[in-house]
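Worksheet: one structure, shown below.
There are 2 protein chains.
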Amino acid sequence: MEQRIDRIKKQLQSQSYKLTPQREATVRVLLEHEDDHLSAEDVYMLVKEKYPEIGLATVYRTLELLTELKVVDKINFGDGVSRYDLRQEGAAHFHHHLVCLECGAVDEIQEDLLGDVEDEVEKRWNFQIKDHRLTFHGICHRCHSEDPSS
Amino acid sequence: MEQRIDRIKKQLQSQSYKLTPQREATVRVLLEHEDDHLSAEDVYMLVKEKYPEIGLATVYRTLELLTELKVVDKINFGDGVSRYDLRQEGAAHFHHHLVCLECGAVDEIQEDLLGDVEDEVEKRWNFQIKDHRLTFHGICHRCHSEDPSS
DNA sequence: TTATCATTTGACACTCATTATCATTAAGCA
DNA sequence: TGCTTAATGATAATGAGTGTCAAATGATAA
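Residue numbers (our numbering), protein chains in the order written: chain A, 55 to 204; chain B, 55 to 204.
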C-alpha cells in the first residue's frame, strides 16, 4: 500500500504535480477498493469519510489526472457513469470485464485473451494499437446456477 | 431497404408495437447511415429533414425501443454521447471498433475475432455470453502514414 | 522565517445528454 | 361513431461532468 502510494507520488512529481492530502486520500480509497469499479460519486462518498472537507470537483480533477497518468483507467459500462479502475502495476494491462445482465455484477478477467487478435488487427488494418477494451455481456455463474430457466 | 423496413415492422408488431411514420423515418435514417455511428442528436437532425415535426424525445424513445428489440446497438466510445448502430441481419453479430486517438475516426471490423476467446471464457468462467464489445484505441492507418513521428 | 508565485482547492454556477411528465393526437377496434 | 390504449411533441427535470474564481496551500529562494 505505502509503496504503491510512493510510486504514484513519484509519478506525479516527475510531471511536477503534487501529491496533496486530497489526492492521497483519493488514491487510498482506490487502493482499498481495487476491484470495485467505483464511480466518481462513489469515490467522493468514500473519501469524505476520511477527509470530509473534500469537494466533488477535486475528486473529479484527481481522477482525471490519474487517468492522464495512466494510473487508473476510466471505463464505461454504458450505464451513464464513468468508473475508475486502478491499473495493475508491472504486468501488462490485460483486464476484461464480464457484465451480468441479470444481477449487474461486474467480474474481471486478468488473462491476455487478445495477444494474437491484436497482432492480426495491427497487420490487417494497419492500425497501431495503444489500448483495448473488451467486455462480455451475459449471465454470470451465480445467476446461471440459481436460475435454471435460462 | 424496403424489405429490411418490412422485417423491422414485423418485429415491432410481433411485440404489439406499431411502425409509426416517425419510427419509420427514424429507421430510414439509420439505414441510410449504416456505418456512421450516429448519436441521438445526429439522428434527430437527419430525421427532421424528412419529418420536421418530429420531437427529440420521440427519437430517443424510438432508439431505445430499437435497442430493446436488438435492431440497433447502443454503443459508447467514452465521449459522453451514446451512438446507435443498426445491426447486421442474418450473419452473427461481429462488429468491432477501431477508435483513432489522433483524429477521432471510428472504423469498423466485421471479422469474427473472438470465436475461440468466447468459448474459453464461457468454459473457464462459467459465464453465458450473450454479447460482447471490443474496441481498440490507437493510431489509424491514415494518421499513421501522414505522421511518421509516432 | 518570511516573501513570492504557481498550483490546488472548494463552492457553486453552468452545460448538456438523457429522461420524465403530461396534455394532445392518432390508431385499432367494438 | 365512440372508446381505449399507444404514441407523440413540448417542455420541465435530472444528473454527470466541467468551468470559474477567490481563497488556501506548498515549494522555493532570500
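Glycine included, each C-beta is placed from N, C-alpha and C at the ideal position.
Original post:
Which one or two residues does DSSP pair with LYS128 of chain B in a beta bridge?
Top reply: B:TYR138
**OP:** Please confirm if the region 104-111 of chain B is in contact with the region 56-72 of chain B, defined as three or more CB-CB distances below 8 angstroms between the two stretches.
**Re:** no
**OP:** Compute the Euclidean distance between the alpha carbons of LYS13 of chain A and ILE129 of chain A, then round it to the nearest angstrom.
**Re:** One cannot answer for residue 13 of chain A here, as it falls past the ends of chain A, which runs 55 to 204.
Subject >> Cross-chain neighbours of LEU188 of chain A in chain B, by beta carbon under 9 angstroms >> reply: LEU168, VAL171, HIS186, ARG187, LEU188, THR189
Original post:
Comparing the C-beta of LEU40 of chain A with each C-beta of chain B, is any distance below 8 angstroms?
Top reply: As displayed, chain A neither begins before 55 nor continues past 204, which places residue 40 of chain A out of reach and without an answer.
Original post:
Is there contact here, the region 166-180 of chain A with the region 189-200 of chain A, by at least three beta-carbon pairs under 8 angstroms?
Top reply: no
Original post:
Can you tell me the Cα-Cα spacing of ARG196 of chain A and LEU119 of chain A, whole angstroms?
Top reply: 36 angstroms
Subject >> DSSP bridge partner residues for GLY192 of chain A (one or two, in chain order) >> reply: A:CYS154, B:ILE183
Original post:
Helix, strand or coil: which one does DSSP assign to SER204 of chain A?
Top reply: Residue confidence for SER204 of chain A is low, a pLDDT of 37 falling below 50, so the modelled location carries little weight; the figure read from the coordinates is stated next. SER204 of chain A: coil per DSSP, three-state reduction.
**OP:** Answer yes or no: do PHE131 of chain A and VAL97 of chain A have a C-beta to C-beta separation smaller than 8 angstroms?
**Re:** For PHE131 of chain A and VAL97 of chain A, no; Cβs fall outside 8 angstroms.
**OP:** Step through the CB atoms of chain B and report whether any lies within less than 8 angstroms of the CB of SER68 of chain A.
**Re:** no
**OP:** On a CA-only basis, which of A:LYS72, A:TYR71, A:ARG82 is nearest GLN57 of chain A? Give me that one, please.
**Re:** A:ARG82
Original post:
For a contact meaning CB atoms closer than 8 angstroms, what does VAL175 of chain B contact in chain A?
Top reply: LEU152, ILE163, LEU167, PHE190
Original post:
So is LYS72 of chain B in contact with chain A if we call contact Cβ pairs under 8 angstroms?
Top reply: Taking 8 angstroms as the CB threshold, LYS72 of chain B stays off the interface with chain A.
**OP:** Mind listing the chain A neighbours of HIS195 of chain B? Cutoff is C-beta to C-beta under 8 angstroms, in chain order.
**Re:** TRP179, ASN180, PHE181
Original post:
Among the residues of its own chain, which have a CB less than 8 angstroms from the CB of PRO75 of chain A, if the five just before and after it don't count?
Top reply: Counting only Cβ-Cβ distances below 8 angstroms, and skipping sequence neighbours, we find TYR105.
**OP:** Spatial neighbours of LEU85 of chain B within its chain, please: CB distance less than 7 angstroms, with the 5 preceding and 5 following residues excluded, ordered by chain position.
**Re:** Contacts found: MET55, ARG58, LEU140.
**OP:** Give me whichever residues DSSP pairs with ILE163 of chain B in a beta bridge.
**Re:** B:HIS150
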